[in-house]
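Here is the structure we will look at, set down as structure tokens.
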Amino acid sequence: MEYNVAEVVNKVIEDVKVRNKGESEFHQTIEEVLHSLEPVLEKHPEYIKESILERIVEPERQIMFRVPWVDDNGNVKVNRGFRVQFNSAIGPYKGGLRFHPSVNLGIIKFLGFEQIFKNSLTGLPIGGGKGGSDFDPKGKSDREIMRFCQSFMTELYRHIGQHTDVPAGDIGVGAREIGYLFGQYKKIRNSYDAAVLTGKGLTYGGSLARKEATGFGVIYFVNEMLNYHKHSLEGKRVVISGSGNVAIYAAQKAQEFGANVVAMCDSAGYVIDENGIDIELIKQIKEVERKRIREYANRKDGSQYFEGQKGIWSVKCDIALPCATQNDISIEEAKLLVENNVLAIGEGANMPCTNEAVEYFLEKGVLVAPAKAANAGGVATSALEMSQNSMRLSWTFEEVDEKLKGIMINIFEASKNAAEEYGHKGNYVVGANIAGFLKVAETMMSQGII
Ligand code: NDP
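Residue numbers for the sequence shown, in this note's numbering: -3 to 446.
Written out as structure tokens, the structure is:
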């Protein structure tokens, strides 16, 4: 049977919008991914016949739950918890937990959907999932964070497991939170299932280099992409949004490759330091003291602080690394970056550029390292953490870092080759989507209608 592929894709997108009202971020990723898959569907009409698209856009399971907890003043608080188990074709659900007041079902679904393709790209046996809560960790005491995490896990534990679903960190969830979550899981289950969570502390099953992995991976990918196009990171001006886990280690690795990182931000404002951002100072302020980035300008001579986060994209740079949150770069920021002759974008955050911004970059010949590929190093190293837990041994930092590097190079190759094979040479956005999709689609075909 002959299909009109564009019509088929549009119909699935329209149905998603009708059935998932108001979930704008989820609609955004569905549109971006599904349109890019059109050349694959032309070649594989059997995917249309077997309704692979209709099935892949529907989560296998979504869980929402009440998370009650008591603050330090004895007040009862209630947050909402989420876990979306999107696709388990190639392995147990895997994906982080985000604690941020902006979290809602649509955000978790967009992240879970992207995770399917990202996890597939790593070449490791992990399915896609994501979770979190609208809880705001900012300004909370350690005890409040602990009580919240314990309450959250008191429900989540029944849905996860090392062969079922393995959460990790994301915005607002780092080693401290994973520690409290793991402690509660262990207590409830009365079982030391180390591989049920990743991003754990090094004293209880965590992997060396997991903390660094997402940021390092972004730079390994960007470096591969630049080299392929006869450029390098050496001497390039780099601007990075965010100053959290991904941003910090992307900055560190970019500097190791000889780049000059001149600006970073948090949600309140940004700092410019023409002499190169002092990463150890950022770590001290953000990781240790948990303070605002404005502190950096107070402590570092020659640096300047500016209010407002988006202003960071007016800072001239060769390479822009959005590592904060979704839709950080819209068309206005994209135009500004192009005016300033940006060479490449490396997406450290998930969906940090709007679809319009990405199209504009590609149209103007800017190289784009898409999130699903560029930030896959975190989840890949989480899978390495699971392997070490299963084997009950720990690899050295160098061993894990070497494996991470190899995985990022493979992801670049896979994205490059898929883009070429399907007629979009140099478009790594399309290439990553296609390469990630093919393995999942083939697997879904072989596992029947489930
Ligand atoms: P963190 O919580 O460690 O850091 C987030 C950073 O972004 C903070 O500096 C935060 O500032 C800043 N930010 C600016 N604006 C916003 C906003 N509107 N909402 C939330 N944060 C904002 O998170 P991560 O570094 O772990 O994650 C950053 C991005 O990378 C996310 O998109 C995440 O999904 C993605 N990612 C993370 C992975 C990981 O391993 N951690 C793996 C793959 C992707 P402030 O402190 O003021 O809130």
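Ideal Cβ placement from N, Cα and C applies to all residues, glycine included.
Where Val242 is concerned, the enclosing alpha helix (DSSP H) starts and stops at 241 to 252. Here Trp65 carries a strand assignment [DSSP, helix/strand/coil]. Boundaries of the alpha helix (DSSP H) harbouring Leu380: 373 to 387, taken from the DSSP string. Straight-line spacing of the CA atoms in Ser129 and Lys90 works out to 17 Å. Within the chosen limit of 8 Å, the ligand NDP does not reach the beta carbon of Arg62 with any heavy atom. For Tyr89, DSSP records a beta bridge to Gly123, Asp161. For Thr210, the distance from the CB to the nearest heavy atom of the ligand NDP is below 8 Å. As the crow flies, the alpha-carbon of Gly211 is around 19 Å from that of Leu339. Taken through DSSP and simplified to helix, strand or coil, Asp138 comes out as helix.
The ligand NDP has no heavy atom closer than 8 Å to the beta-carbon of Val257.
If you check the CB distance, Ile86 and Gly123 come in under 9 Å.
Taking 9 Å as the cut-off, the Cβ atoms of Gly342 and Ile430 do not count as close. As the crow flies, the alpha-carbon of Tyr200 is around 24 Å from that of Asn115. Only buried fits Asn83, as 16 or more other CB atoms lie within 10 angstroms of its CB. The ligand NDP approaches Arg288 closely enough that one of its heavy atoms is under 8 Å from the residue's Cβ.
Taking the Cα positions, Tyr43 is about 18 Å away from Phe109. Taking Gly265 as the centre and dropping the five residues before and after it, the same chain places the C-beta of Ile289, Arg290, Tyr301, Phe302, Glu303, Gly304, Gln305 closer than 7 Å to its C-beta, in chain order. Leu101 is positioned such that its CB atom lies no closer than 9 Å to that of Phe131. A distance criterion of 8 Å places the beta-carbon of Arg94 in contact range of the ligand NDP, judged by its closest non-hydrogen atom. The Cβ neighbour count for Asp166, taken over all protein chains shown within 10 Å, is at least 16; the residue is labelled buried.
Note that the segment 46 to 55 touches the segment -2 to 15; at least 3 beta-carbon pairs, one per stretch, sit closer than 8 Å. Contact check for Val235 and Ala353: beta-carbon distance about 15 Å, past the 8 Å limit, so the pair fails to qualify.
Shown here, Ile308 sits in a helix according to DSSP, grouped into three states. The criterion of a C-beta distance shorter than 9 Å is satisfied by Val396 and Ala209. Between the beta-carbon of Thr160 and that of Met382 there is about 12 Å, and that puts the pair past the 8 Å contact cut. Distance between Asp314 and Lys282, taken at the CA atoms: about 25 Å. Not one heavy atom of the ligand NDP lies closer than 8 Å to the C-beta of Asp397.
Excluding its 5 nearest sequence neighbours in each direction, Gly202 has C-beta neighbours in its own chain below 6 Å: Lys196, listed in chain order. Under a 10 Å Cβ-count criterion, His225 is classified as exposed, with fewer than 16 other Cβ atoms of the shown protein chains found around its own Cβ. A straight-line Cα-Cα distance of about 34 Å links Trp309 and Gly119. Not one heavy atom of the ligand NDP falls within 8 Å of the beta-carbon of Ala2. Spatial neighbours of Glu140 in its own chain (CB-CB distance under 8 Å, excluding positions within 5 residues in sequence) are listed in chain order as Trp65, Asp67, Asp68.
In the DSSP assignment, Leu177 falls outside any beta strand (DSSP E) and lies within the alpha helix (DSSP H) extending over 171 to 185. Distance between Ser137 and Ala171, taken at the CA atoms: about 15 Å.
For the pair Ala164 and Leu117, the CB atoms are not nearer than the 9 Å cut-off. Per DSSP, the continuous beta strand (DSSP E) segment holding Leu317 begins and ends at 315 to 318.
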